[in-house]
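Step one of this worksheet: look at the structure below.
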Amino acid sequence: MQNESLTAEVVSIGDEMTSGARLDTNAQWLSRRLAELGIEVTFHSTVGDTLQHNIDVFRTAALRADVVVCTGGLGPTRDDLTRQALAAVLDQPLELRQSALDHIHRLFARRNREMPQRNEVQAMFPAGSLEIVNPQGTAPGVDATFQRPDGSTSRLFALPGVPAEMKRMFDETVAPRILESGGNTRRHIEHHVMKFFGVGESDMEQRLGEMIARDHVPRVGITVSSATISLRISALGESPQECHRQIESTRAEIMERVGELHFGDGEEFEQYHAVERMLAERGESLVSVEFGRSAVLANWFASLGESSTYRGGFCFAKLGELATVLDVDADSALETLRRRCGSQWLVAVDEYPSLQCSDDQPLPAAEVTLIVVAPTGTVFATTSRLGGHPSIIYERIGKAALAWLRHVLTEPRDDGHDNPTTTAAAR
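Take 5 as the starting number for the sequence shown in my numbering and just add one per residue.
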């Protein structure tokens, strides 16, 4: 059976999921990964920590999906019931797997701790199942095959609920095994994420055209988060080198089509990382000031930790208040702040709209001025009309400010450096 014909079900386990106490991000991540492998996810199931309910859900999933991936329930406590439920569905006894037990002992030894007796249960596996090694934690995964009454089979994969552990185990072990079981000789998988800002999802899709079609090789997936667009290239090949060649050629084609919107690569890479990198390469620094009721730029740059490029961030209700604190007029307040902070560059947002009385409804577009002050004191400003849902509007404005800063930093100027030669009024 080829992977293109496989179906999958994602099962999330835990009372914290059924009660709504925790958001199920694992199912979202797994669904995307399975789709990248060409497998259609047809069902999502969520079940609490009750043994019979787990058995019922696993049996139903195994009867209707070719691949079942579940997360949670592999810990050492009494309400971790995935192993028992799988054993019941497979009609196999649980047996101690010495290799898994040795791995758990080694993890505790590295932490200078003695393994509690209760953790031994994590080394119990349904007879005939395979171990999925967990390089980061004490909960190994389970890989088992369910025989249906008609003779066909379903592959069951049980992974821990800790996202970092689950993701690594899926990418390193589960995905290659799925490809192999589906008769696919392309057993290597490589992913590459590109980040963009400046257009909407529909415009991006139009410019990419056939590159984001489901049958495109390699597959290019598109997602949007607070106006940042991520393109995920997923390559399948007979070797890592083949995957990398696919990714490189596809990345080059994407850059030809939308390269002016691109600011970096990587799952966690954001515009503030790009700005920090640009400033570090130039040996320059930045200060930020935001007017209104938010300080997203300061928060983002603070998350970088110790940085030689960021002098600090300020937040005032109005520009006039900054001028009062500095004892200067409003027209010179930004340049004065830049100089007093000993920074070459300043970026400012004037101003974030109020969210009062928004009633959780999308805000109408409002004029926001984005300002950059250069080392020479030259002011570059642009006014944008930005709106959106209250939950994302401040992030959209902050990202627009960073995009404007990157634009100013990369435009050529007369003395050979990289920033604009022309100015715009700040007010």
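We put the beta carbon where it would ideally sit given N, CA and C, even for glycine.
- Take the alpha-carbon of Phe200 and the one of Val351: they are about 20 angstroms apart.
- Assigned with DSSP and collapsed to three states, Leu283 falls in helix.
- When the five nearest sequence neighbours on each side are left out, the beta carbons in the same chain lying within less than 7 angstroms of the beta carbon of His109 are those of Met119, in order along the chain.
- As computed with DSSP, Leu160 is found in a beta bridge with Val72, Ala148.
- Note that the C-beta distance between Ala239 and Glu194 is below 8 angstroms.
- Short of 8 angstroms from the beta carbon of Glu13, and not among the five residues preceding or following it, lie these beta carbons of its own chain, in chain order: Val45, Thr46, Phe47, His48, Ser49, Ala65, Arg68, Ala69, Val71, Val72, Val73.
- DSSP places Pro180 in the helix class (H, G or I) of the three-state scheme.
- For Trp349, the pairing in a beta bridge is given by DSSP as Leu290.
- By the Cβ rule, the stretch 212–222 counts as touching the stretch 238–256, because three or more pairs are nearer than 8 angstroms.
- Rounded to whole angstroms, the separation of the alpha carbons of Ser9 and Glu176 is 23 angstroms.
- Asn116 is classed as exposed because its beta carbon has fewer than 16 other beta carbons within 10 Å across all chains shown.
- When the Cα atoms are used, Pro130 and Ala92 turn out to be separated by approximately 9 angstroms.
- Spanning the alpha carbons of Pro164 and Ser156 requires a straight line of approximately 27 angstroms.
- Residue burial is scored here from C-beta neighbours: Arg152 has fewer than 16 other C-beta atoms within 10 angstroms and is therefore classed as exposed.
- Residue pairing by DSSP places Lys199 opposite Ser234, Gly268 in a beta bridge.
- In the DSSP annotation of this structure, the continuous segment of the alpha helix (DSSP H) that includes Phe112 starts and ends at 102–114.
- Taking the C-beta atoms as reference points, Asp28 is found no nearer than 8 angstroms to Asp53.
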